[in-house]
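For what it's worth, the numbering used here labels the leading residue of the sequence shown as 2, then goes sequentially. Note sheet for the following structure.
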Amino acid sequence: NVDGILVPGGFGDRGVQGKILAAKYARENQVPYLGICLGMQIAVVEFARS
């Protein structure tokens, strides 16, 4: 159980799938999500895939 998820920026493909899963978890469980730089892009990708 978490109060919120913060996904920071990053470089390259390293860890992208895990970040997408974190965004999916946040969306499905109505957990607040803050994406910074790449984190916001990840949220958009996950939303578009769902």
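Idealized CB from N, CA, C, for every residue including glycine. Treat the numbers as computed from the prediction; the structure is a model and nothing was measured.
* To do: Give, in chain order, every unbroken run of the beta strand (DSSP E) that is at least 3 residues long and sits entirely within the region 14 to 45.
  => If we require 3 residues or more, the beta strand (DSSP E) runs fully inside the region 14 to 45 come out as 34 to 36.
* beta strand (DSSP E) segment containing VAL8, residue limits -> For VAL8, the enclosing beta strand (DSSP E) stretches over residues 6 to 8.
* To do: Identify, in the order they occur along the chain, each residue of the same chain with its Cβ nearer than 7 angstroms to the Cβ of VAL46, setting aside the five sequence neighbours on each side.
  => ILE21.
* Rounded to whole angstroms, what's the CA-CA distance from GLY40 to GLY16? Just pull it up for me. => Approximately 11 angstroms between the Cα atoms of the pair.
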